[in-house]
Amino acid sequence: MKERLLKIYTQLFEHFGPQDWWPANSPFEVVVGAILTQNTRWENVELAIAELRRRNDLTPKGLEALSHSQLEEAIRPAGFFRQKARRLHGLLDSLETRYGGELTQLLAPPLSRARQDLLALEGVGPETADAILLYAGGFPTFVVDAYTRRLFSRVGLLDADAGYDETQALFMQHLPSETTFFNEYHALIVEQCKRYCLKRKPQCAECPLVNFCSGEDVNQGG
DNA sequence: GCCCAGGTGGGTA
DNA sequence: TACCCACATGGG
């Protein structure tokens, strides 16, 4: 299993090159993006981030200066804007009251404590928590998303109905626990799925994983 | 017009 | 535990 996981990584890296993730300018921006991208295309998240930045600094203080309706309006392009505005405000409140307004305190080691605290926030589930831990906190934890499950079930390394923890364990039990490696691997999975696996008409001849792919479900967007 | 997108939480059985 | 559903905009 370890060899196959490493081989897939190598083929993806050789095809796509380094991805330089997460696409954000600060750890706090990673957190905001992680909440905004829930069940949402990243392109729409970028519209919301740009509007937030246009209105104020993309910092806890900067967002706190916006009224709730201003926050809702700014993030509207990312969808679920009422729900996500509520979640962002909950995060800001929690940062202020429990972590002295410092994201670095929320993301202080140990990993288990930081993850537990993140999961206690409204709107932060396992994927969002792990994305924040990895890309904002620098912890070696593997992020599992819809792309990860689709890709690795398609190549036959994972059951189609595997849950979050089971999927995460596949990677964390077989791969070296290194932040930069987990960072790059997850980013490459996303790129692979966007470019090949989820296309309505996949260009399988150019796909870097064509040697792993069974071809099943290839035209069903997942 | 229809389907989907880098999930989460609440309700029900 | 295992489903079902709401949440909402924008692009193909």
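Be aware that the first sequence starts at 85, since it is given in the working numbering, and climbs by one per residue.
Beta carbons are placed, not taken as given, at the ideal position from N, Cα and C, and that holds for glycine.
The structure displayed is predicted, hence computed values, not measured ones.
Residue from the options whose Cα sits closest to the Cα of residue i
{"i": "Phe100", "options": "Phe296, Ala204 and Glu268", "result": "Glu268"}
{"i": "Gly163", "options": "Pro224, Leu147, Leu131 and Phe223", "result": "Leu131"}
{"i": "Asn123", "options": "Gly209, Leu190 and Gln257", "result": "Gly209"}
{"i": "Leu176", "options": "Leu235, Leu205, Ala271 and Lys86", "result": "Leu205"}
{"i": "Ala169", "options": "Ala192, Met256 and Gly207", "result": "Gly207"}
{"i": "Ala271", "options": "Trp105, Gln95, Tyr93 and Lys86", "result": "Trp105"}
Inter-residue spacing [alpha-carbon to alpha-carbon] between residue i and residue j
{"i": "Ala295", "j": "Ala244", "result": "The sequence as given places Asn at residue 295; Ala does not occur at that position. Roughly 19 Å between the two C-alpha positions."}
{"i": "Leu202", "j": "Asp229", "result": "17 Å"}
{"i": "Arg171", "j": "Gly117", "result": "12 Å"}
{"i": "Arg139", "j": "Leu90", "result": "43 Å"}
{"i": "Glu98", "j": "Gln276", "result": "12 Å"}
{"i": "Glu250", "j": "Leu218", "result": "18 Å"}
{"i": "Ala149", "j": "Thr264", "result": "34 Å"}
{"i": "Phe226", "j": "Gln154", "result": "34 Å"}
{"i": "Met85", "j": "His258", "result": "7 Å"}
{"i": "Gly222", "j": "Glu290", "result": "33 Å"}
Which of helix, strand or coil DSSP assigns to residue i
{"i": "Glu87", "result": "helix"}
{"i": "Glu113", "result": "helix"}
{"i": "Thr225", "result": "coil"}
{"i": "Leu191", "result": "coil"}
{"i": "Gly184", "result": "coil"}
{"i": "Gly307", "result": "With the chain running from 85 to 306 in the structure shown, residue 307 is simply not present."}
{"i": "Asn128", "result": "helix"}
{"i": "Glu206", "result": "coil"}
{"i": "Gly174", "result": "helix"}
Buried/exposed call for residue i, threshold 16 Cβ in 10 Å
{"i": "Gly247", "result": "exposed"}
{"i": "Pro292", "result": "buried"}
{"i": "His152", "result": "exposed"}
{"i": "Glu113", "result": "buried"}
{"i": "Thr181", "result": "exposed"}
{"i": "Thr94", "result": "exposed"}
Note to self: Please give me, in chain order, every unbroken run of the alpha helix (DSSP H) with length at least 4 that falls completely inside the segment 209-271.
What the structure shows: Unbroken alpha helix (DSSP H) runs of no fewer than 4 residues, entirely contained in the segment 209-271, are found at 210-219, 230-238 and 248-256, following chain order.
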